[in-house]
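Comments concern the structure below.
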Amino acid sequence: ISVRRLVVAHDIADREPVVGSAPITTTQERVYAFVEARNGGADVRAVRIYFDGPGGRRVGNVTLEVPGAQRRFRTWGYTRYIDTPGTWRALVVAEDGTVLASQEFEVR
548 ISVRRLVVAH DIADREPVVG SAPITTTQER VYAFVEARNG GADVRAVRIY
598 FDGPGGRRVG NVTLEVPGAQ RRFRTWGYTR YIDTPGTWRA LVVAEDGTVL
648 ASQEFEVR
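All letters in the sequence shown, in the order written, are residues 548 to 655 by our numbering.
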């Protein structure tokens with residue numbers, strides 16, 4: 548499995564990320580990690596999405612399945628628990644723990 552695109556977004560509309568011009572803040576209801584993945588194998592593969600923040604805080608632990616034989620599969624996870632300002636990182640991790648993609652973002 549491979550990740551073609553990872554976008555941290557304010558929302559999802561029409562199966563695409565909505566990236567606002569305003570910064571992500573601790574008062575937002577949800578922060579999304581939009582993932583466009585490819586699964587060249589025949590079997591369903593799972594990925595996990597985490598958001599790592601200041602002080603080693605980890606939130607948003609969600610498992611998403613990517614069907615087999617998919618050249619382009621879009622999915623997303625979100626968290627409601629980004630409540631600390633600072634530098635955060637969205638991570639997409641394979642079943643074996645390999646980091647497939649990461650995206651750093653600032654929270655105010």
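For every residue, glycine included, the Cβ atom is placed at its ideal position computed from N, Cα and C.
**Prompt:** Which residues in the same chain have their Cβ closer than 6 Å to the Cβ of Glu-719, if we skip the five residues on either side of it in sequence?
**Reply:** Lying outside 548 to 655, the shown extent of the chain, residue 719 is not represented and no answer is given.
- Item | DSSP three-state assignment for Pro-564, whether helix, strand or coil | strand
Burial state of Ala-560 (16 or more Cβ within 10 Å)
exposed
Exercise for the section: Closer than 6 Å by C-beta to Arg-562: which residues in its own chain qualify, once you throw out the five before and the five after it? Chain order, please. Expected result: Arg-621
Within the chosen definition, does the region 584–599 reach the region 610–628 through at least 3 CB pairs nearer than 8 Å? yes
Going straight from the alpha carbon of Val-640 to that of Phe-598, what length do you get? 11 Å
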